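**Student:**
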Amino acid sequence: MLEHAYFIPFYPLIAFLVIIFFTRWKEKLSAGIAISMILLAFVHSVFVLIAMLGRHGHPLELSMPFIEHPALKLELGMWIDGLTAVMLMVVTIVSACVHIYSLGYMHNDPRWSRYFSYLCLFTFSMLGLVIANNFFMIFIFWELVGLTSYLLIGFWFEKKSASDAGKKAFITTRIGDLGFIVGLLILTFYVGTLNYQEVFAKVQSGAISGGLLAAAGIFIFCGAVGKSAQFPLHVWLPDAMEGPTPVSALIHAATMVAAGVYLVARGMTLFAGSATASMVIASIGLITSFMAATIALTQNDIKRVLAYSTVSQLGYMIMALGLYGVDLAHGHHTAGYVAGTFHLMTHAFFKALLFLGAGSVIHAVHTNDINFMGGLSRKMKTTTITFFIASLSIAGIFPLSGFWSKDEIVASTTGHPFFMVVTLLIAFMTAFYMFRLCFLTFTGEPRDKERFDHAHESPKTMTGPLTVLAFLAIFAGWVGLPWLHHGFSSFVYHDVVHHAGPNYVLMIVSTIVAVSGIGLAYAVYYKKAISADALADRFKLLYKISFNKWYIDEIYDAVIIKPLLGFTKVLWWFDANIIDGLVNLMGWLTVKWADLKMWFDKYIIDGIVNGLGYICMAGSWAVKFMQSGSLQFYALMVMAAAIGIMLYRVTSIGFYFYLIGLVIVALLSVLVKMTRSDRVDAEPNIEG
Amino acid sequence: MLQYLALAAILFAIGVFGVLTRRNAIGILMSLELMFNAANINLVVFNKYIGPDNLIGQIFALFVVVIAAAEAVVGLAIVLLLYRNWRGIDVDHINIMKW
Numbered sequence: 030m031l032e033h034a035y036f037i038p039f040y041p042l043i044a045f046l047v048i049i050f051f052t053r054w055k056e057k058l059s060a061g062i063a064i065s066m067i068l069l070a071f072v073h074s075v076f077v078l079i080a081m082l083g084r085h086g087h088p089l090e091l092s093m094p095f096i097e098h099p100a101l102k103l104e105l106g107m108w109i110d111g112l113t114a115v116m117l118m119v120v121t122i123v124s125a126c127v128h129i130y131s132l133g134y135m136h137n138d139p140r141w142s143r144y145f146s147y148l149c150l151f152t153f154s155m156l157g158l159v160i161a162n163n164f165f166m167i168f169i170f171w172e173l174v175g176l177t178s179y180l181l182i183g184f185w186f187e188k189k190s191a192s193d194a195g196k197k198a199f200i201t202t203r204i205g206d207l208g209f210i211v212g213l214l215i216l217t218f219y220v221g222t223l224n225y226q227e228v229f230a231k232v233q234s235g236a237i238s239g240g241l242l243a244a245a246g247i248f249i250f251c252g253a254v255g256k257s258a259q260f261p262l263h264v265w266l267p268d269a270m271e272g273p274t275p276v277s278a279l280i281h282a283a284t285m286v287a288a289g290v291y292l293v294a295r296g297m298t299l300f301a302g303s304a305t306a307s308m309v310i311a312s313i314g315l316i317t318s319f320m321a322a323t324i325a326l327t328q329n330d331i332k333r334v335l336a337y338s339t340v341s342q343l344g345y346m347i348m349a350l351g352l353y354g355v356d357l358a359h360g361h362h363t364a365g366y367v368a369g370t371f372h373l374m375t376h377a378f379f380k381a382l383l384f385l386g387a388g389s390v391i392h393a394v395h396t397n398d399i400n401f402m403g404g405l406s407r408k409m410k411t412t413t414i415t416f417f418i419a420s421l422s423i424a425g426i427f428p429l430s431g432f433w434s435k436d437e438i439v440a441s442t443t444g445h446p447f448f449m450v451v452t453l454l455i456a457f458m459t460a461f462y463m464f465r466l467c468f469l470t471f472t473g474e475p476r477d478k479e480r481f482d483h484a485h486e487s488p489k490t491m492t493g494p495l496t497v498l499a500f501l502a503i504f505a506g507w508v509g510l511p512w513l514h515h516g517f518s519s520f521v522y523h524d525v526v527h528h529a530g531p532n533y534v535l536m537i538v539s540t541i542v543a544v545s546g547i548g549l550a551y552a553v554y555y556k557k558a559i560s561a562d563a564l565a566d567r568f569k570l571l572y573k574i575s576f577n578k579w580y581i582d583e584i585y586d587a588v589i590i591k592p593l594l595g596f597t598k599v600l601w602w603f604d605a606n607i608i609d610g611l612v613n614l615m616g617w618l619t620v621k622w623a624d625l626k627m628w629f630d631k632y633i634i635d636g637i638v639n640g641l642g643y644i645c646m647a648g649s650w651a652v653k654f655m656q657s658g659s660l661q662f663y664a665l666m667v668m669a670a671a672i673g674i675m676l677y678r679v680t681s682i683g684f685y686f687y688l689i690g691l692v693i694v695a696l697l698s699v700l701v702k703m704t705r706s707d708r709v710d711a712e713p714n715i716e717g
Numbered sequence: 003m004l005q006y007l008a009l010a011a012i013l014f015a016i017g018v019f020g021v022l023t024r025r026n027a028i029g030i031l032m033s034l035e036l037m038f039n040a041a042n043i044n045l046v047v048f049n050k051y052i053g054p055d056n057l058i059g060q061i062f063a064l065f066v067v068v069i070a071a072a073e074a075v076v077g078l079a080i081v082l083l084l085y086r087n088w089r090g091i092d093v094d095h096i097n098i099m100k101w
């Protein structure tokens, strides 16, 4: 099974093709095909994981050369190691849950089959991305992921906001992808191959180093910035909430945004080769994480809070990976790599759970705004319990999976005091906003009675995946328990296995931070001991900045979009007046020139031709009278000619005499004939 | 010899005059015969005085007589047709082949 792991991405691809080409009109069948294919992929992934566990994470590479050239080597291939196996599991599990969940969530949707085919294509792209063994292939699947996310975010394209969000996601990530491709070009130019292991070998042997390596690293990281919604390209992710909620879950947990983190983890050797690049990565991660956490504090849209929470958690992972790179560049092996990938996995489960739970809530009350919710725990038992589990997990409460991974992230900041302080602050904010969301949604009195009355627990197809994911949100983290010496850390090792032992001080500190965050949320939103409005008034400026998402969209609008539009208007004016003016002037001149030539043709050329014709006519008019039809006149002419010739022979003047005589005879004949033209000529009498 | 040549010249001049001035088509034909005969006289005279040993000139004259007879036939046929169509043979009236 392991040798054929490359087949895993093909299951969903087959489902996609079959649905698109054959079973589009049979909705139930389409969904069945999609789900069964995903489950097949899942089963295969399980076998791959077991096989990999048997090999202790020893990697396997299969590849098929595509272009072999000394200056450039491209190939199609797969690279399976611990990280790949874990990612395959995560992607297939979350995707399968989302597929099943969609059965309930998307019922009665007119484009049901298309929806499932897109989900399959999305899963295919992500699986291909995970399994790739070179940067070229990862880029292809990277773009496929971008395309399918565009299709799915804008799935309800009748809604303008949805189609806009799709475009925004596509264009924003494309900016990052530009950086990615520049980075790849640097690599191809200086390394000549895009195969991971060959690139890493070259990096370690120093074939590419210094500023060039930093540039390549930072440019490739740009791609991750776009895909993983890192500052300053994070703006698309909250807007991507316009897509169907299961799609949001898929994007946020397993596919789209995970791709960026996966890329950073996968290219770790490359990034770690340059302390500068690693520091950039860590800083971007920290800034993103902090900013998104502050924004999430004040948002009222349930999905938007989760979206910013995702951005914040992704920032965490990126930061941890970046710090690992920094430490590695200085020769230390720290927990950052394991922390980043570990958090990627646990986050996938509990964030998928959160989104699917939010989808369940939205399904019940038909609104995203938490101001219209409240007290839903009385009606939606399963959803409430699973949502609280996920929230506890993301807040980092012992012994849920989020606790272990977050702990490792905090541990990875050891040696970087500033990072550690901010990380703990973010952890506090995370606990606060997640429980603000929980309390406002599920507890207290219903704020919208009508909606509350119509609310109901979602169907089994939706609660089932919630339950599965809730188990994972609790237990998935246990594979990375610090007491396990051959757990997650030794499985996804990178470079040298680093195993961080249990750090009880950190555990206690992070637990205190998380509990105090939850406690504050409890006090404000459950007990109402502290008024939220009073707090907002007290810190009006901070509240406004947070509520308006740091004005990033507005800044982009003012700094990039407005000037761009203005510039295009100037260009349009230039086009309409200068370019078109020139073109029209040339046209006008051509017409005038043609007019001139026409006049010349008509009067000069035609005049010459016609003039010659007139001269000929006039001449012939004068001469025609010589042909009088009179026999005796002709005879006379013959005589005259004969006499002339004879005279010419005898005297030298004969020739002139002949000519003059001829002219005189002609004139005479004209005169004679004209004077005699009154004579009535005999009419021919044709009787036979 | 000069007398013969002068006779021929006079005869020819009379023929030319006749051709150019007669209005009657028959008259023109008759004047033409005069011109032929003037030429015949010349042929015979030159034969007699320049090369009496061969008879080329005389034979030529005989040919001319024969051809002239044929020509007269054709000419008279034309005149006859003219008369039938125009009821007259005045050549002044017969000028339809002009411009």
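Going down the list, the protein sequences come from chains B and H. The first sequence begins at 30 in the working numbering and counts up by one. The second sequence begins at 3 in the working numbering and counts up by one. Ideal placement from N, C-alpha and C gives every residue a C-beta, glycine not left out. Quick caveat: nothing in here was measured; it's all calculated off a predicted structure.
Below 8 Å on the Cβ atoms is my contact criterion, and I expect Leu-223 of chain B with Leu-216 of chain B to pass it. Report the Cβ-Cβ distance as a whole number of Å.
**Tutor:** Position 194 of the first sequence, counted from the first residue, corresponds to residue 223 of chain B. Position 187 of the first sequence, counted from the first residue, corresponds to residue 216 of chain B. At roughly 6 Å, the Cβ-Cβ gap stays under 8 Å, so Leu-223 of chain B and Leu-216 of chain B are in contact.
**Student:** Quick check: Tyr-366 of chain B and Tyr-353 of chain B, are their CB atoms within less than 8 Å of each other?
**Tutor:** The residue given as residue 366 of chain B occupies position 337 in the first sequence. The residue given as residue 353 of chain B occupies position 324 in the first sequence. Against a cut-off of 8 Å, the Cβ pair of Tyr-353 of chain B and Tyr-366 of chain B comes out as a contact.
**Student:** Does any residue of chain H have a CB that is nearer than 8 Å to the CB of Leu-697 of chain B?
**Tutor:** Stepping through the first sequence from its first residue, residue 697 of chain B is reached at position 668. False, the Cβ-Cβ gap to chain H never drops below 8 Å.
**Student:** Is Met-107 of chain B helix, strand or coil when you go by DSSP?
**Tutor:** For the purposes of this step, residue 107 of chain B is taken as the residue at position 78 of the first sequence. Three-state result, Met-107 of chain B: strand.
**Student:** Please work out which residues of its chain come closer than 7 Å, Cβ to Cβ, to Gly-771 of chain B, disregarding the five sequence neighbours upstream and downstream, and give them in chain order.
**Tutor:** The shown model of chain B, from 30 to 717, leaves out residue 771 of chain B, and the question about it has no answer.
**Student:** I'd like to know whether the C-beta atoms of Thr-490 of chain B and Leu-132 of chain B end up nearer to each other than 8 Å.
**Tutor:** Here residue 490 of chain B corresponds to residue number 461 of the first sequence, with the count starting at 1. Here residue 132 of chain B corresponds to residue number 103 of the first sequence, with the count starting at 1. Result yes, Cβ atoms of Thr-490 of chain B and Leu-132 of chain B sit closer than 8 Å.
**Student:** Put Asp-477 of chain B into one of helix, strand or coil per three-state DSSP.
**Tutor:** Here the question's residue 477 of chain B lines up with position 448 in the first sequence. Correct three-state label for Asp-477 of chain B: coil.
**Student:** May I ask you to verify whether the segment 60–80 of chain B touches the segment 171–185 of chain B, counting CB pairs closer than 8 Å and requiring at least 3?
**Tutor:** With a cut-off of 8 Å, the segment 171–185 of chain B and the segment 60–80 of chain B do not count as touching, because too few Cβ pairs lie within range.
**Student:** Under 8 Å Cβ-Cβ, which residues of chain C neighbour Leu-22 of chain H?
**Tutor:** The chain labelled as chain C is not found among the protein chains of the depicted structure, namely B and H.
**Student:** Go ahead and label Met-25 of chain B buried or exposed: buried means 16 or more other beta carbons lie within 10 angstroms of its beta carbon, across all protein chains shown.
**Tutor:** In this structure chain B extends from 30 to 717, so residue 25 of chain B is not present and cannot be described.
**Student:** Identify the contact partners of Met-32 of chain H in chain B, using a Cβ-Cβ distance below 7 Å as the criterion.
**Tutor:** Residue numbering aside, residue 32 of chain H sits at position 30 when the second sequence is read from its first letter. Chain B residues near Met-32 of chain H: none, gap ~14 Å exceeds 7 Å.
**Student:** Three or more beta-carbon pairs under 8 Å between the segment 33–44 of chain B and the segment 104–120 of chain B, yes or no?
**Tutor:** yes
**Student:** According to DSSP, is His-136 of chain B helix, strand or coil?
**Tutor:** Residue mapping note: residue 136 of chain B aligns to position 107 of the first sequence, counting from 1. Looking at His-136 of chain B - three-state DSSP - the assignment turns out to be coil, as it is neither helix nor strand.
**Student:** Do Thr-412 of chain B and Ser-430 of chain B come within 8 Å of each other at the CB atom, strictly closer than that value?
**Tutor:** For the purposes of this step, residue 430 of chain B is taken as the residue at position 401 of the first sequence. For the purposes of this step, residue 412 of chain B is taken as the residue at position 383 of the first sequence. No, these two residues do not count as a Cβ contact at 8 Å.
**Student:** Does the beta carbon of Gly-658 of chain B sit closer than 8 Å to a beta carbon anywhere in chain H?
**Tutor:** Locating residue 658 of chain B in the first sequence gives position 629, counting from the first residue. Yes, contact with chain H.
**Student:** Let me make sure I understand the geometry here. Which of B:Ala-460, B:Lys-410, B:His-376 and B:Ile-280 has the alpha-carbon closest to that of Ala-322 of chain B?
**Tutor:** Here the question's residue 322 of chain B lines up with position 293 in the first sequence. If you compare the alpha carbons of B:Ala-460, B:Lys-410, B:His-376 and B:Ile-280 with that of Ala-322 of chain B, the shortest gap goes to B:Ala-460.
**Student:** Name, in chain order, the residues that DSSP records as bridge partners for Gly-97 of chain B.
**Tutor:** Here residue 97 of chain B corresponds to residue number 68 of the first sequence, with the count starting at 1. The question names Gly, but residue 97 of chain B in the sequence shown is Glu. According to DSSP, Glu-97 of chain B bridges with B:Lys-102.
**Student:** Across which residues does DSSP place Asp-398 of chain B in a beta bridge pair?
**Tutor:** The residue labelled residue 398 of chain B in the question sits at position 369 within the first sequence. Asp-398 of chain B is bridged to B:Asp-330.
**Student:** May I ask you to report which of helix, strand or coil DSSP gives Ala-306 of chain B?
**Tutor:** The sequence position of residue 306 of chain B within the first sequence is 277, counting from 1. Reduced to three states, the DSSP call for Ala-306 of chain B is helix.
**Student:** Less than 8 Å between the C-beta atoms of Met-30 of chain B and Val-77 of chain B, yes or no?
**Tutor:** Here the question's residue 30 of chain B lines up with position 1 in the first sequence. Here the question's residue 77 of chain B lines up with position 48 in the first sequence. In this structure, Val-77 of chain B lies closer than 8 Å to Met-30 of chain B by Cβ.
**Student:** Alpha carbons only, please: which of B:Asp-356, B:Ala-502, B:Lys-380 and B:Ile-574 is nearest the one belonging to Ala-336 of chain B?
**Tutor:** One-based indexing of the first sequence puts residue 336 of chain B at position 307. Here the closest residue by C-alpha is B:Lys-380.
**Student:** Starting from Glu-90 of chain B, follow its DSSP beta bridges and name the residues at the other end.
**Tutor:** Here residue 90 of chain B corresponds to residue number 61 of the first sequence, with the count starting at 1. Glu-90 of chain B pairs with B:Trp-108.
**Student:** Should Glu-271 of chain B and Asn-162 of chain B be called a contact, given that it needs their Cβ atoms to be closer than 8 Å?
**Tutor:** Within the first sequence, residue 271 of chain B is the residue found at index 242, counting from 1. Within the first sequence, residue 162 of chain B is the residue found at index 133, counting from 1. Not in contact: Glu-271 of chain B and Asn-162 of chain B (Cβ atoms no closer than 8 Å).
**Student:** Output yes if chain H places a C-beta closer than 8 Å to the C-beta of Ala-711 of chain B; else output no.
**Tutor:** Against the first sequence, residue 711 of chain B aligns to sequence position 682. Confidence at Ala-711 of chain B is low in this model, with a pLDDT of 47, below 50, so the placement of that residue is unreliable and no value is reported for it.
**Student:** Are any of the Cβ atoms in chain B nearer than 8 Å to that of Asn-26 of chain H?
**Tutor:** By one-based count along the second sequence, residue 26 of chain H stands at place 24. Residue-level contact by beta carbon fails for Asn-26 of chain H and chain B, as no gap is shorter than 8 Å.
**Student:** Out of curiosity, what's the CA-to-CA distance linking Leu-500 of chain B and Cys-126 of chain B?
**Tutor:** In the first sequence, counting from the first residue as 1, residue 500 of chain B sits at position 471. In the first sequence, counting from the first residue as 1, residue 126 of chain B sits at position 97. The residue you asked about is not Leu; residue 500 of chain B is Phe in the sequence shown. Rounded to the nearest angstrom, the two C-alpha atoms are 13 Å apart.
**Student:** Rounding to the nearest angstrom, what Cα-Cα distance links Ala-484 of chain B and Ala-419 of chain B in this structure?
**Tutor:** Residue mapping note: residue 484 of chain B aligns to position 455 of the first sequence, counting from 1. Residue mapping note: residue 419 of chain B aligns to position 390 of the first sequence, counting from 1. One C-alpha to the other measures close to 22 Å.
**Student:** Once you ignore the five residues that flank Asn-39 of chain H on each side, which residues in its own chain have a CB closer than 7 Å to its CB?
**Tutor:** Locating residue 39 of chain H in the second sequence gives position 37, where the first residue counts as 1. Answer for Asn-39 of chain H: Leu-13, listed in chain order.
**Student:** Let me see if you follow: with CB-CB separation under 8 Å, is Val-18 of chain H close to chain B or not?
**Tutor:** Counting from one through the second sequence, the residue named residue 18 of chain H turns up at place 16. Output row for Val-18 of chain H: interface = yes.
**Student:** List the residues of chain B whose Cβ lies closer than 7 Å to the Cβ of Lys-100 of chain H, in chain order.
**Tutor:** What you label residue 100 of chain H is simply residue 98 of the second sequence in a count that begins at 1. Here the neighbours are Gln-656, Ser-657 and Gly-658.
**Student:** Taking 7 Å as the limit between beta carbons, can you name the residues of its chain near Leu-469 of chain B, skipping five residues before and five after?
**Tutor:** The sequence position of residue 469 of chain B within the first sequence is 440, counting from 1. Closer than 7 Å at the Cβ level, and outside the excluded window around Leu-469 of chain B, lie Ile-399, Met-402, Gly-403 and Tyr-554.
**Student:** Beta-carbon separation of Ser-545 of chain B and Phe-457 of chain B under 8 Å?
**Tutor:** On the first sequence, residue 545 of chain B is found 516 positions in, with the first residue counted as 1. On the first sequence, residue 457 of chain B is found 428 positions in, with the first residue counted as 1. Yes, Cβ-Cβ distance for Ser-545 of chain B and Phe-457 of chain B is below 8 Å.
**Student:** By Cβ distance, which residues of its chain are closer than 6 Å to Val-47 of chain B, with the 5 residues on each side in sequence left out?
**Tutor:** Looking up residue 47 of chain B in the first sequence gives position 18. The residues are Ile-62.
**Student:** Using a Cβ-Cβ distance cut-off of 8 Å, determine whether Val-93 of chain H contacts chain B.
**Tutor:** Residue mapping note: residue 93 of chain H aligns to position 91 of the second sequence, counting from 1. Taking Cβ atoms only, chain B reaches closer than 8 Å to Val-93 of chain H, which makes this a yes.
**Student:** Classify Pro-41 of chain B: buried if its beta carbon has 16 or more other beta carbons within 10 angstroms, exposed otherwise.
**Tutor:** For the purposes of this step, residue 41 of chain B is taken as residue 12 along the first sequence, with counting starting at 1. A residue is called buried when at least 16 other Cβ atoms come within 10 angstroms of its Cβ; Pro-41 of chain B meets this threshold and is buried.
**Student:** Would you kindly work out how many angstroms separate the C-alpha atoms of Tyr-663 of chain B and Asp-630 of chain B, rounded to a whole number?
**Tutor:** Looking up residue 663 of chain B in the first sequence gives position 634. Looking up residue 630 of chain B in the first sequence gives position 601. Here the alpha carbons of Asp-630 of chain B and Tyr-663 of chain B stand approximately 45 Å from one another.
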